[in-house]
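Residue numbers (full-length UniProt numbering), protein chains in the order written: chain R, 1 to 227; chain B, 1 to 227; chain Z, 1 to 227; chain E, 1 to 227. Beta carbons are placed, not taken as given, at the ideal position from N, Cα and C, and that holds for glycine.
Number of protein chains: 4
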Amino acid sequence: MTDSPLARWEQRNGTALTVASLLFLTSYAVRVLGHGLPEPVRALCLAVLLAAWAVFVVDYVVRLRLSGQRLPRFLRTHPLDTLVMLLPLLRPVRIVQTYETVQHHRDRPRLALHARVIAYAGVSVTLLGFAGSLALYQQEHAAPGADIVTYGDSVWFTCTTLSTVGYGDLAPVTPLGRLVTVGVMACGLALLGAVTGSFSSWLIQVFAREGERPPGDSPEASRRDDD
Amino acid sequence: MTDSPLARWEQRNGTALTVASLLFLTSYAVRVLGHGLPEPVRALCLAVLLAAWAVFVVDYVVRLRLSGQRLPRFLRTHPLDTLVMLLPLLRPVRIVQTYETVQHHRDRPRLALHARVIAYAGVSVTLLGFAGSLALYQQEHAAPGADIVTYGDSVWFTCTTLSTVGYGDLAPVTPLGRLVTVGVMACGLALLGAVTGSFSSWLIQVFAREGERPPGDSPEASRRDDD
Amino acid sequence: MTDSPLARWEQRNGTALTVASLLFLTSYAVRVLGHGLPEPVRALCLAVLLAAWAVFVVDYVVRLRLSGQRLPRFLRTHPLDTLVMLLPLLRPVRIVQTYETVQHHRDRPRLALHARVIAYAGVSVTLLGFAGSLALYQQEHAAPGADIVTYGDSVWFTCTTLSTVGYGDLAPVTPLGRLVTVGVMACGLALLGAVTGSFSSWLIQVFAREGERPPGDSPEASRRDDD
Amino acid sequence: MTDSPLARWEQRNGTALTVASLLFLTSYAVRVLGHGLPEPVRALCLAVLLAAWAVFVVDYVVRLRLSGQRLPRFLRTHPLDTLVMLLPLLRPVRIVQTYETVQHHRDRPRLALHARVIAYAGVSVTLLGFAGSLALYQQEHAAPGADIVTYGDSVWFTCTTLSTVGYGDLAPVTPLGRLVTVGVMACGLALLGAVTGSFSSWLIQVFAREGERPPGDSPEASRRDDD
């Protein structure tokens, strides 16, 4: 698998795609938040945004070709790729994967597994949360009867959703705003799963290591074992 | 167990039951959402709904007979079957199980375990959430002082409940609506458990595989081992 | 440990304590919910309640004696016993433990581990939730400006808290009501931990069993192993 | 690692740092809650607070020197130390670690692993929640349109956040109050992870022990194994 054309394509263009993803997110943020910016700047942002999107589409087509699969089968085996191509705000998911692929092929020493899981979950959730708060602000801030009227409100609401706390002092009122929020909720569930899963597997590792110690080292643990 | 009459019954009639379940859910949805439909269509839906229910009752009786157990013991050993027979909106739980049984007996290559857990949890929760949002809408939309007045509200509320976020911008006010919501909450807890459990077990698998690598491959991990 | 005087005491009086716990909970429920009951019935309930409490205190003192420890050390090594003696509404925690002890010593075939964890978590949370909803109703229903005015409200609020959803359509306003709610939240966290932990450990077991199958049975899984 | 100068420094000064941390938290609490205290007392609190902070800065500088690393690298390898030095309200995280280090080097019998995880999570979350509720109260209680006006409100709000329930009957309205709340949410997520992870790893341990029993002991479990 390491030497397939697909893997080589990913390895060679990973950095370019990451840059395109960040440009997409940045230009989207400027478009959404920069109401007062002069029109040429806003037009430039739109151009960058569309150019980045074009890059994603080209990448998708090349990957489809290199996979040697027909479109229906590719759609079925790469649902995430298709979704991310159509909705580039979800790109942060791919940034982490791309970074991993690039690092892996360059044989650089990577972070330890625990640090990696925490770092990836943190980076993905932060970027997806940022994208979500922008999209939410765009949908909600001008809607009649909306609670979420400033970008600060949107960030605060996104944080309460990602942590699955959900106070409800603010809530989206437009259908699209609610749809975006459901996506953020899914990220929140995944984050909870990542935090809990990391902790759980770390504890199991520690328990396994403690279990190998000679009895008598930890009196209470050994008492439990011989019951 | 593979060749018991009960297993053969499940294998032979699994597809028919799945179709009946989907018909039940569809006709229920049309009844609940189609206020403006002509009366014959609504009557047809009711007929389909009752026919599907009759199929479930027949299936239950046959399973009771084939199990060779008396009713009180069958009630105790098959509580889920009984609940699902009485409350067919919970059928989605059985759809997944039936699919699994059918696939297992046909010896088709099934999905890998992780993909299966994710797919089953996703399908079950989506279908149960759909059934829950319908039942909730039916109970609430005409109640005095209700927040949940459109089906869109009901779907949004169901999503906030399934993710255990719970903003509370909308909330059920009728006793039956609250009862339905408690059921949806239980699904949400189970979903959270499934997401977290999958992540946790996947991490543990990855850790176990990394631990088998020769030392020096991942400097930080090996440094931890020899402390 | 099986033949210590303490274990024998627990084994012999487990059933009596369970009955006393249920009597305590029942008489408390009648006192709280039965506003309109004639005074003699209410007085009888109070008597039963106090008698059950006396049984718990006697049990605590006997256990202290049988342990052969001095009071300060017993307080430190049995914090849960002390808490449950002072606050008998938390008894449901002990009911499960007592049942387990009794069954263990009678060498009856017990339920399988997964079924037991689910059953115990379910029973404990149901009983603690019931006790919590009673205590909450008692504190809140007559408070000025309270949301929770009927027992149905209290049950609904307790359910939203146990599932950690927390809509906030109702909320306690008295300090004691909030304290009770914090206790219910702790139960909710524990329930979430039990559900997630059960699912996680079950998945790990299933993965371990699948991993022992010969390669080729599940193509995708084996492809992952040899990478 | 046990005999490095850094470890010896930590071992020797751990108790002093813990005392400084508790003094910092106490004097902060008195400053925030004691509106009506005479000015000299409030000034004394401020002095103690600043002195404790100075101790933390000195400790940080010594650790930087003893590590033999340059500042940029130290910042990268010790992000938590830097954060805790700048924001001493997060000190509770270090209290637990310091206690662990001191106990470890004195070779005292420590608690069993499960008890330790529960105790550490409990102590950390309680102290961080206390610090969070103080900071939140300080930011919110005088803000126009604030819900959180008494310290009791702040404690109640912190509890609903830590358990990720989040009713939303109260909510912060100031940007800094919201920032503090996001920090408390992160603690809540970590607490959920700790509870769930402990339960999960404990169940896996119990399952592993049960699995070693001879078949026939638990009929249902053995029936499952031979399928």
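Taking DSSP as the reference, what is the three-state secondary structure of residue i?
i	result
Tyr120(B)	helix
Ala135(B)	helix
Ser4(B)	coil
Gly197(E)	helix
Val57(R)	helix
Arg70(Z)	coil
Arg63(E)	helix
Arg91(E)	coil
Leu17(E)	helix
Ser27(Z)	helix
Asp169(Z)	coil
Ile204(B)	helix
Val149(B)	coil
Ser163(R)	coil
Arg12(Z)	helix
Gly129(Z)	helix
Gly183(Z)	helix
Ala43(B)	helix
Pro175(Z)	helix
Gly36(E)	coil
Ala142(Z)	coil
What's the C-alpha gap between residue i and residue j?
i	j	result
Ile204(E)	Ala115(Z)	14 Å
Leu89(R)	Ala131(E)	37 Å
His35(R)	Arg178(E)	25 Å
Thr18(Z)	Gly188(B)	32 Å
Arg63(Z)	Leu6(Z)	7 Å
Val32(R)	Thr150(R)	12 Å
Ile148(E)	Cys159(R)	19 Å
Ser201(R)	Leu192(B)	17 Å
Asp81(R)	Tyr60(R)	7 Å
Pro38(B)	Glu10(B)	38 Å
Gly145(R)	Gly145(B)	19 Å
Arg70(B)	Gly14(B)	24 Å
Gly129(Z)	Ala16(E)	44 Å
Gln138(B)	Leu75(Z)	54 Å
Ala119(Z)	Pro172(E)	40 Å
Arg8(Z)	Thr77(Z)	19 Å
Leu87(E)	Arg65(E)	21 Å
Arg12(E)	Leu83(Z)	37 Å
Val182(R)	Gly183(B)	20 Å
Pro40(Z)	Leu176(Z)	28 Å
Is the Cβ-Cβ distance between residue i and residue j less than 7 Å?
i	j	result
Thr174(R)	Glu140(R)	yes
Phe199(R)	Ala194(E)	yes
Val180(B)	Ala135(B)	yes
Gly168(B)	Asp153(Z)	no
Val165(B)	Gly197(R)	no
Val48(R)	Ser27(R)	yes
Ala43(Z)	Ala20(Z)	no
Leu127(Z)	Pro72(Z)	no
Val155(E)	Ser133(E)	yes
Leu185(R)	Ser163(B)	In the sequence as presented, Leu is not what sits at residue 185(R); that position holds Met. Yes, the pair counts as a contact, with Cβ atoms nearer than the cut-off.
Cys45(R)	Val30(R)	yes
Hey, out of the options, whose CA is closest to residue i's CA?
i	options	result
Ala54(R)	Arg76(R), Phe24(R) and Gln69(R)	Phe24(R)
Phe207(R)	Ala16(E), Val117(E), Pro38(E) and Val165(E)	Val117(E)
Gly122(E)	Leu50(E), Arg209(E), Ala190(E) and Leu22(E)	Ala190(E)
Leu22(B)	Leu176(B), Pro40(B), Leu50(B) and Arg209(B)	Leu50(B)
Give the interface partners of residue i over in chain B, defined as CB-CB distance under 7 Å, in chain order.
i	result
Gly168(Z)	Gly168
Trp156(Z)	Arg178
Who are the neighbours of residue i on chain E, taking C-beta pairs under 7 Å?
i	result
Ile204(Z)	Ile204
Find the residues of chain E that neighbour residue i, judging by a C-beta separation of less than 8 Å, and give them in chain order.
i	result
Leu192(Z)	Leu192, Val195 and Thr196
Trp53(R)	Ordered by position in chain E, no residue passes the 8 Å Cβ test against Trp53(R), which lies about 32 Å from the chain.
Closer than 9 Å by beta-carbon distance: list the chain B residues that pair up with residue i, in chain order.
i	result
Cys159(Z)	Arg178, Thr181, Val182 and Met185
Under 7 Å between beta-carbons, which chain Z residues line up against residue i? List them in chain order, please.
i	result
Ser200(R)	Ser200
Leu189(B)	Ser163, Leu192 and Val195
What residues of chain B sit near residue i, judged by a beta carbon separation below 8 Å?
i	result
Pro92(R)	Chain B residues near Pro92(R): none, gap ~18 Å exceeds 8 Å.
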